[in-house]
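Residue numbers (the numbering used here), protein chains in the order written: chain A, 1 to 396; chain B, 397 to 792. One structure below.
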């Protein structure tokens, strides 16, 4: 009748153990540049051409030979001819981005000139290469433009496209199988209010939407009731995925079979973490497939997903770690936490002040929907005082 | 021959003028909950049922009448029968989340009990409602769960789904028409290296990918050469969009017709802003359609898009303002800026130090791809010193 966890692994230790067990995906795919935002480069991008590939005018004005402008100034202008080709004493009209003729070595800005009949008054001395963009000024042929593992932003995609590249080799998106478990669950698609004791399945939906948001594909699996053999079947039929997330059945009660089943198929690395809420979280691996077992209580499950799921998915999918959006603001009232546990406290940001959310039950999912962010209190800190500044991680 | 801007509007003034002219979208659509991450609620969500809709056990244990446990303690336990129904002196086995029988008013944790034959030793006194989740504890029927204008996160979607809601009324995604202009442009789909003086069109691609990332649909229009009548036609055929972004032709040179054409069809609100790079940016409105005219130089265009396009799109699409991800870090070397201009300086983050990017040409798009973020220097500040801490806005 042991309801007490034998272990309570520290969050950072548990995360390290889990991440160390995870092998990143090696499969790649070729994706059109237009669809590459948010994808991860599977090999470096080497420029196969110069950008620009010609000497370009950096200003609207006239291409000239700089030697023809020696001594030119507002009080002592030089007069040139305007021609279609560069010869001694001639200037050629150019626009920003257009080709600078080979014989010219500078572009004089239109502001520093005046057209007087067909003669050009030049009022500034140009030095060689002034306002001329050299071949390869932006990108040199052979240059490494972006490295393997780079998370592609639209500006990166534009640079790659400027090299004439039409599709990019990126890592395959990880496939995450999400398995909801629990006697009490009914499918979301069921009409009407469920019977007493039954609830609509929404944890799996939430986990699936988060992993999709974080760059994975989600496989939404059917609900599995709390029977070891059925849980085992469900896991086995999803071992083709890159990661499995199981919702519910992770505690140590009569109906909590998930960690034992994971252990029978592979290895439970951690069961019971110093995370509040989220203590019953279990981390395992079956073959090469990491298995994240989240508590069924929705807030506890969500905190477990934030604390372990996101970094695990990043490792699986070769997705670089990006900093969270954090606001540093003072507390409107005392924020309590559980000593010995990393506490994820839901907070509301209101007029640049942080208000801890009072309903603390880990079954109360609406407390998350009503929250703007989380204050993550380390295990050795016992809450924060009113007025103290805290880091709020925005809930994405 | 006036190459000088008549005005140079301050960035925040220009933005305010532009936003004031923009009408948000009123059209809504009904979208399945599974597809609502990142969408904006077009009406508030009112709960039509209680969550939970029954009294639920908050712990694994036994449902009991609290009055039967009076005086119970480890040294003085009370003995109860284990039954299937609650009667005086009886307990019913319950699991977390299961129904608490009507006649019971408390749940005793299994840790505080022992089964001795068919008798239950109870070692703690329960008060009424202990470990019982009341009806509506999470969400009360009739309660406003989320307000109009809320940007839906996966946790919000899960809460909405827990109410039995299967689709959500959200604002229609804005449609942004992106029109690339310039004599020098050739389509990205052209094979081979373009002729001298010609470049692949990538600004429109970059703008389109950003607006998609920010929650809009992009319409990628064909390249338009620098002829007023063709630019006019292109704009007119896109006035069904919610916003138009035109790339190139915004300066005051011989080939820069875009602001004049916008003015002929509607109103140019601002032309020339105190933004570096990005000074030639123009902001206009044609009927109800905001028109953002970006410089053709890629970095200048991108900065103009960041400075004006994102907030304009948010206003158009009813998308709430979210804070950027900002890191506060010291500079590895002096960062120069242009006094009188809001300067967007590209920087690299390297071992928690901020290194300004030395190539400052606004034609050098690769400087953005090689950068991690932007330091935005206000117009009245003349750069920052080595070692000074600055806010780096990560480039998304």
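Beta carbons are placed, not taken as given, at the ideal position from N, Cα and C, and that holds for glycine. Predicted model, so just to flag it, every value in this text is computed and none were measured.
Strictly below 8 Å CB to CB, what residues from chain A border residue 433 of chain B? In chain order, 209, 212 and 213 make up the part of chain A whose C-beta sits under 8 Å from the C-beta of residue 433 of chain B.
Give me the Cα-Cα distance between residue 526 of chain B and residue 246 of chain A, rounded to the nearest whole angstrom. Between residue 526 of chain B and residue 246 of chain A, the C-alpha separation is close to 29 Å.
Could you check how far apart the C-beta atoms of residue 745 of chain B and residue 720 of chain B are, in whole angstroms? I think they sit under 8 Å. Between residue 720 of chain B and residue 745 of chain B the Cβ distance is about 14 Å, and since that is not below 8 Å, they are no contact.
So with CB distances below 8 Å, who are the chain B contacts of residue 131 of chain A? Within chain B, no residue comes near residue 131 of chain A; the closest Cβ sits about 11 Å away, beyond 8 Å.
Here's the rule: buried if 16 or more other CB atoms are within 10 angstroms of the residue's CB, otherwise exposed. What is residue 670 of chain B? Classification of residue 670 of chain B: buried, given that the 10 Å Cβ count is 16 or more.
Taking C-alpha atoms, which residue in A:313, A:82, A:36 and A:98 lies nearest to residue 135 of chain A? For residue 135 of chain A, the closest of A:313, A:82, A:36 and A:98 by C-alpha to C-alpha distance is A:98.
Which chain B residues are close to residue 98 of chain A, counting only those with a beta carbon under 7 Å from its beta carbon? The answer, in chain order, is 580 and 593.
Status (buried if at least 16 other CB within 10 Å, exposed otherwise) for residue 675 of chain B: Under this definition residue 675 of chain B is a buried residue.
Near residue 764 of chain B, what residues of its chain come up, given a Cβ to Cβ distance below 8 Å and the 5 sequence neighbours on each side ignored? Hits under 8 Å: 694, 695, 698, 742 and 791.
Tell me residue 267 of chain A's beta-bridge partners as DSSP assigns them. Paired residue(s): A:285.
Nearest CA to the CA of residue 287 of chain A: which residue from A:22, A:344 and A:80? The candidate whose alpha carbon is nearest that of residue 287 of chain A is A:22.
Below-9 Å beta-carbon distance, residue 347 of chain A vs any chain B residue: Interface criterion not met: the Cβ of residue 347 of chain A is under 9 Å from no Cβ in chain B.
What distance in whole Å lies between the Cβ atoms of residue 460 of chain B and residue 500 of chain B, which are believed to be in contact at a cut-off of 8 Å? Between residue 500 of chain B and residue 460 of chain B, the beta carbon gap of about 6 Å places them in contact (Cβ cut-off 8 Å).
In or out: residue 663 of chain B buried (at least 16 other Cβ within 10 Å) or exposed? It counts as exposed.
Name, please, each residue of chain B whose Cβ falls closer than 7 Å to the Cβ of residue 369 of chain A. Residues of chain B passing the Cβ test: 541, 542, 551, 552 and 555.
In the region 449–470 of chain B, which residues sit with their C-beta less than 8 Å from some C-beta in chain A, listed in chain order? Result list: 449, 450, 452, 454 and 456.
Quick one: give me the first and last residue of the alpha helix (DSSP H) that residue 515 of chain B is part of. Premise fails: residue 515 of chain B lies in the beta strand (DSSP E), 515–518, not in any alpha helix (DSSP H).
Residues of chain A with CB under 9 Å from residue 761 of chain B, in chain order? Those are 51, 138, 139, 155, 158, 159 and 162, listed as they occur along chain A.
Spell out whether any CB of chain B is found under 9 Å from the CB atom of residue 1 of chain A. With a pLDDT of only 34 at residue 1 of chain A, under the threshold of 50, the placement of this residue in the model should not be trusted, and no figure is reported.
Which residues in chain A have a C-beta closer than 9 Å to the C-beta of residue 499 of chain B? List them in chain order. Residues of chain A passing the Cβ test: none, with the nearest at roughly 14 Å.
Smallest Cα separation from residue 149 of chain A: which of A:263, A:60 and A:38? For the residues A:263, A:60 and A:38, the minimum Cα distance to residue 149 of chain A belongs to A:38.
Rounded C-beta distance between residue 605 of chain B and residue 77 of chain A? I'm assuming under 8 Å. Rounded, the Cβ-Cβ distance is 47 Å, inconsistent with contact.
Among all the DSSP beta bridges, which residues are the ones paired with residue 479 of chain B? DSSP links residue 479 of chain B through a beta bridge to B:488.
Going residue by residue through the region 198–252 of chain A, where are the continuous alpha helix (DSSP H) segments of at least 4 residues, counting only ones entirely within it? Qualifying alpha helix (DSSP H) stretches, in chain order: 203–213 and 228–236.
Contact list for the region 297–309 of chain A against chain B, Cβ threshold 8 Å: Along the region 297–309 of chain A, going in chain order, the ones with a CB nearer than 8 Å to a CB of chain B are 297, 298 and 302.
Mind listing which residues of the region 646–660 of chain B have their C-beta closer than 8 Å to chain A's C-betas, in chain order? If the cut-off is 8 Å between Cβ atoms, the region 646–660 of chain B has 647, 649, 650 and 651 near chain A.
Could you pull the start and end residues of the alpha helix (DSSP H) that residue 698 of chain B belongs to? Annotation: the continuous alpha helix (DSSP H) that includes residue 698 of chain B extends over 694–700.
Going straight from the alpha carbon of residue 738 of chain B to that of residue 701 of chain B, what length do you get? Taken atom to atom, the span from the alpha-carbon of residue 738 of chain B to that of residue 701 of chain B is near 14 Å.
Suppose the cutoff is 6 Å on Cβ atoms and the five residues either side in sequence are ignored; what does the same chain contact list for residue 383 of chain B look like? One cannot answer for residue 383 of chain B here, as it falls past the ends of chain B, which runs 397 to 792.
Could you give the residue range of the alpha helix (DSSP H) that holds residue 317 of chain A? 310–317 is the span of the alpha helix (DSSP H), which, as asked, contains residue 317 of chain A.
Under a three-way DSSP split, which group does residue 69 of chain A fall into? Reduced to three states, the DSSP call for residue 69 of chain A is helix.
Close-in-space but distant-in-sequence residues of the same chain around residue 450 of chain B (CB under 6 Å, 5 per side omitted): Closer than 6 Å at the Cβ level, and outside the excluded window around residue 450 of chain B, lie 495.
Taking only beta-carbon atoms, is residue 351 of chain A less than 9 Å away from chain B? Cβ-Cβ to chain B under 9 Å: no for residue 351 of chain A.
Secondary structure at residue 456 of chain B, three-state DSSP: helix, strand or coil? Coil, per DSSP.
Given residue 562 of chain B as reference, the closest of A:173, A:152 and A:191 once Cα atoms are compared: For residue 562 of chain B, the closest of A:173, A:152 and A:191 by C-alpha to C-alpha distance is A:191.
Whether or not the region 423–440 of chain B and the region 504–511 of chain B are in contact is what I'm after, with contact meaning three or more pairs of Cβ atoms, one per stretch, closer than 8 Å; do they touch? At 8 Å Cβ cutoff, the stretches do not touch.
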